[in-house]
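Okay, structure first, notes after.
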Amino acid sequence: MSAARSSSEGRMRARLGPWALVIYGILAFAFLYLPIIIVVIFSFNDSRSTAQWSGFTMRWYQELMGDDQILLSLWNSLFVAVISTLIATVLGTLAALGLERYTFRGKLVVDSAFYLPIIIPDIAMAIMLLIFFNTSGIGFEPWRVSFLGTRLAVPYSVIIGHVAFNIAFVTVVVRARLASMDMTLEEAASDLYANSWQTFRRVTLPILMPGILGGALLAFTLSLDDFVITFFTSGAGFNTLPVRVFGMIKRGVTPEINAISTLMLLASFGLIVFSILSRRRSGSDEEAIQFGL
Amino acid sequence: MEQTLRRNPALRAWLLIAPAGLFLLIFFILPLFIVIIYGFLERGTYGGVVWQFTAENFSRVFDSLYFSTFLRSLYIAVLTTLFCILVGYPLAYFMTSRPPRQRNLLLLLLMIPFWTNFLIRTYAWLTLLRTNTGLINVTLMNLGIIKEPLPLFGNDFAIVLGLVYGWLPVAVLPMYASLDRLDRSLVEAARDLYASGGQVFRRVIWPLSLPGVVAGSMLVFIPSLGAFVTPAILGGGKSLMIGNVISNQFLAAHDWPFGSALSTLMMVIMLFATLLYFRSTALKAKEERA
């Protein structure tokens with residue numbers, strides 16, 4: 389009797405278990421996606437309300453295109469992201485080579501210093517940098533530059549702040565690639581009388597390239613997304629897109645914000661697809677799991 | 158030059174590390190020390206500091222007002238961590254139960270929201286939760302299910318929800334990894350020895366996936382405790398966390414030393430949590446070796 393019951397119970401669970409799990413999975417993914425989807429939907433809403441649907445319109449997007457302030461903050465965002473990614477990728481890759489390939493005294497301390505910007509919450513890092521730029525006399529001097537035909541004034545302090553957190557991320561990604569790299573290839577190269585520069589240029593660098601590219605993409609994404617560090621290191625009157633959006637949100641919910649959000653979501657999506665495609669070509673999945681892409 | 162470098166690998170390592178290392182030394186480590194020192198100075202009249210050493214800033218942290226904010230932030234961070242594990246663990250389990258091809262797709266679907274802008278994901282909840290004009294309350298009232306709007310916004314509930322939403326993917330990731338690595342033959346062996354489903358979970362699956370749970374908790378707890386954007390947007394100006402109090406010291410109150418003291422304390426708590434985490438993983442590794 390009890391054996392029969394437990395076996396039928398077992399069968400019940402075998403049938404119910406997976407179904408319950410699948411339904412749970414669907415609900416969980418709905419939780420992750422619904423809020424974003426709703427923002428996108430209401431960016432096309434023909435009303436100031438973001439809670440009641442009143443028909444389709446593109447006017448919020450048209451208004452955005454005519455908004456010089458928004459466009460300026462977009463160029464600011466792109467400029468900061470490009471410059472800080474370039475610097476952080478070069479510095480971070482060199483550091484990764486030094487940290488992953490050699491042991492030396494004091495390595496643990498140096499290692500920790502390179503991880504710290506990842507662990508520390510951005511508000512703490514932002515405050516640190518704010519005080520530093522204020523007291524060191526470096527200040528928030530802008531770099532006046534013409535970028536894509538637009539005149540920008542980007543504070544050096546913002547770029548420095550972005551480089552500081554990006555170096556740490558690039559270093560981690562490149563180190564992961566180095567750690568999984570087959571050292572015998574380099575040994576083979578030097579057995580064939582390649583000098584160390586040739587070995588690096590012809591063997592190490594090409595194998596490392598997907599890691600470097602991955603690190604650069606991560607840095608670029610983080611830089612574009614950053615709000616907190618930019619907000620506190622920019623002095624007055626400088627806006628990147630997230631800083632601008634934050635200011636708008638503080639003033640209230642509007643369909644324009646939904647429209648900007650939709651475009652930013654689209655941009656992130658494009659970056660993710662790009663990074664997957666480039667990874668698929670190089671075929672490295674280990675890092676993919678490690679860094680969640 | 159080449160010869161010297163070949164003979165001295167340590168020099169080579171230092172040369173490679175130097176550019177990034179010096180950058181971080183000047184623009185990260187030095188600012189870190191400045192903040193710690195500032196916590197022990199007196200405030201200047203218009204922001205800035207007076208070079209007079211004092212421990213008063215740290216004792217002020219224990220004043221009722223700030224201390225309760227500190228405790229509330231801890232409470233919110235712990236609650237966020239708990240919910241992330243509670244919601245995330247079954248999700249990770251679900252993902253590992255799918256065939257490998259689907260698994261990669263699900264992993265991608267999990268991370269796409271995480272790689273989209275945090276500010277925008279928080280804003281999404283603002284449009285849903287707002288008291289009188291939020292989608293949830295408006296819809297429920299239109300349907301006649303409720304008469305008064307529900308208090309969904311400007312409280313701890315909204316902040317915890319926003320934080321769970323924001324950090325759920327990074328909580329799932331390590332749990333997924335450890336469930337994925339789990340040796341399925343152990344589960345079968347337990348089954349063969351007549352363990353019930355609950356027993357298999359309690360005695361086999363849960364203990365083996367615990368490292369993932371601990372790692373996931375760490376990844377959620379630290380940014381939740383230091384949250385700034387989520388309470389600024391979903392707290393509705395009333396419900397604040399320690400990150401907002403810190404920023405107010407610089408943007409409004411012009412009390413840099415006190416703001417520095419608060420950030421230092423926050424970092425100490427995080428350092429403590431990180432050390433605890435590394436110790437527990439080190440212990441675990443030692444046990445496994447034994």
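Residue numbers (this note's numbering), protein chains in the order written: chain A, 389 to 681; chain B, 158 to 447. All C-beta atoms in this analysis are idealised placements derived from N, C-alpha and C, irrespective of residue type, glycine included.
1) Would you call P256 of chain B buried or exposed, if buried means 16 or more other Cβ atoms sit within 10 Å of its Cβ?
2) What's the gap between the Cα of L449 of chain B and the Cα of M453 of chain A?
3) Taking the alpha-carbon of A418 of chain B as reference, which of B:L408, B:G196, B:K304 has the nearest alpha-carbon?
4) For R399 of chain A, which residues of its own chain have a beta-carbon under 8 angstroms away from its beta-carbon, when the five flanking residues on both sides are left out?
5) Going by other Cβ atoms of all chains shown within 10 Å of its Cβ, with 16 needed for buried, is Y421 of chain A buried or exposed?
6) Starting from the C-beta of D673 of chain A, find all residues in its chain whose C-beta is less than 7 angstroms away, skip the five residues before and the five after it, and write them out in chain order.
7) I'd like to know whether the C-beta atoms of F310 of chain B and R341 of chain B end up nearer to each other than 8 angstroms.
8) Along the segment 250-274 of chain B, where does the CB come closer than 9 angstroms to a CB of chain A? Name the residues.
9) The beta strand (DSSP E) that contains R169 of chain B, what's its start and end?
10) Rounding to the nearest angstrom, what Cα-Cα distance links I677 of chain A and A647 of chain A in this structure?
11) Who pairs with R200 of chain B in a beta bridge, going by DSSP?
12) Would you say Y280 of chain B faces chain A, with C-beta separation under 8 angstroms as the test?
13) To the nearest angstrom, how far is it from the Cα of V174 of chain B to the Cα of A484 of chain A?
14) Which residue comes first and which comes last in the beta strand (DSSP E) that contains R341 of chain B?
15) Does the beta carbon of L479 of chain A sit closer than 8 angstroms to a beta carbon anywhere in chain B?
16) So within the segment 254-292 of chain B, which uninterrupted alpha helix (DSSP H) runs reach at least 4 residues, ignoring any that extend past its ends?
17) From the DSSP secondary-structure annotation, give me the bridge partner or partners of F535 of chain A.
18) Here's a check: name, in chain order, each residue in its chain whose Cβ is nearer than 7 angstroms to the Cβ of T628 of chain A, leaving out the five neighbours to either side.
19) Using C-beta distances below 8 angstroms, list every residue in its chain close to A391 of chain A, excluding the 5 sequence neighbours before and after it, in chain order.
20) Determine, using beta carbons only, whether T387 of chain B comes closer than 8 angstroms to chain A.
21) Counting only C-beta atoms, is L681 of chain A closer than 8 angstroms to chain B at any point?
22) Going by DSSP in three states, N433 of chain A sits in which element: helix, strand or coil?
23) Given this structure, state the Cα-to-Cα distance separating G392 of chain B from A315 of chain B, to the nearest angstrom.
24) Excluding the five sequence neighbours on either side, which residues of its own chain have a C-beta within less than 7 angstroms of the C-beta of M389 of chain A, listed in chain order?
25) Give the secondary structure of F492 of chain A by DSSP, where H, G and I count as helix, E and B as strand, and everything else as coil.
26) Measure from the C-beta of Y449 of chain A to each C-beta in chain B and report whether the shortest distance is under 8 angstroms.
27) Tell me which same chain residues have a C-beta within less than 6 angstroms of the C-beta of T650 of chain A, skipping the five on either side of it?
28) Under 8 angstroms, Cβ to Cβ, is there at least one residue of chain B near I506 of chain A?
29) Identify each residue in the segment 637-649 of chain A for which the Cβ-Cβ distance to at least one residue of chain B is less than 9 angstroms, and report them in chain order.
30) CB-CB under 7 angstroms to V616 of chain A, same chain, minus the five flanking residues each way: which ones, in chain order?
31) By the 10 Å Cβ neighbour count, where 16 or more other Cβ atoms means buried, how is Y491 of chain B classified, buried or exposed?
32) With 16 other CB atoms within 10 Å as the buried threshold, where does S442 of chain A fall?
33) Mind checking the segment 364-377 of chain B against chain A and listing, in chain order, the residues whose C-beta falls within less than 8 angstroms of any C-beta there?
34) Buried or exposed: where does L496 of chain A fall if 16 or more other Cβ atoms within 10 Å of its Cβ makes it buried?
35) If contact means a Cβ-Cβ distance below 9 angstroms, which residues of the segment 494-521 of chain A contact chain B?
36) Is DSSP giving F310 of chain B helix, strand or coil here?
Here's the rundown:
1) exposed
2) Because chain B in this structure spans residues 158 to 447, residue 449 of chain B falls outside the shown range and cannot be described.
3) B:G196
4) Because R399 of chain A carries a pLDDT of 48, less than 50, the predicted location of this residue cannot be relied on, and the following value inherits that uncertainty. Correct list: empty, nothing qualifies.
5) exposed
6) Its pLDDT being 48, under 50, D673 of chain A is placed unreliably by the model, and the measurement read from it follows with that caveat. Around D673 of chain A: no qualifying Cβ.
7) no
8) Y250, F251, M252, S254, R255, N261, L263, L264, L265, L266, L267, M268, I269, P270, F271, W272, T273, N274
9) Element bounds for R169 of chain B: not the beta strand (DSSP E) but the alpha helix (DSSP H), 166-181.
10) With a pLDDT of 42 at I677 of chain A, under the threshold of 50, the modelled position of this residue cannot be trusted; read the value that follows with caution. Taking the straight line from one Cα to the other gives about 32 angstroms.
11) B:V206
12) yes
13) For clarity, residue 174 of chain B is Ile in the given sequence; the question names Val instead. Approximately 8 angstroms, taken between the alpha carbons.
14) Here R341 of chain B belongs to no beta strand (DSSP E); instead the alpha helix (DSSP H) covers 341-349.
15) yes
16) 257-271, 275-286
17) A:T538
18) S461, N464, S465, V468, T618
19) Low per-residue confidence applies at A391 of chain A: pLDDT is 45, beneath 50, and the placement is therefore not dependable, though the value from the model is reported in the following sentence. Excluding residues within five positions, none has a Cβ falling inside 8 angstroms.
20) no
21) In this prediction, L681 of chain A scores a pLDDT of 39, lower than 50, which makes its location untrustworthy; the coordinate-derived value is nonetheless stated afterwards. Chain B contact via Cβ: present.
22) strand
23) 7 angstroms
24) Legend: pLDDT at M389 of chain A = 39, less than 50; position of this residue unreliable, value from coordinates given subsequently. Answer for M389 of chain A: no residue qualifies.
25) coil
26) no
27) V428, S431
28) no
29) I637, K638, V641, I645, N646, I648, S649
30) D510, I511, A514
31) Only positions 158 to 447 of chain B appear in this structure, which leaves residue 491 of chain B out of reach.
32) exposed
33) none
34) exposed
35) K495, V498, A501, F502, L504, P505, I507, I508, P509, D510, I511, A512, M513, A514, I515, M516, L517, L518, I519, F520, F521
36) coil
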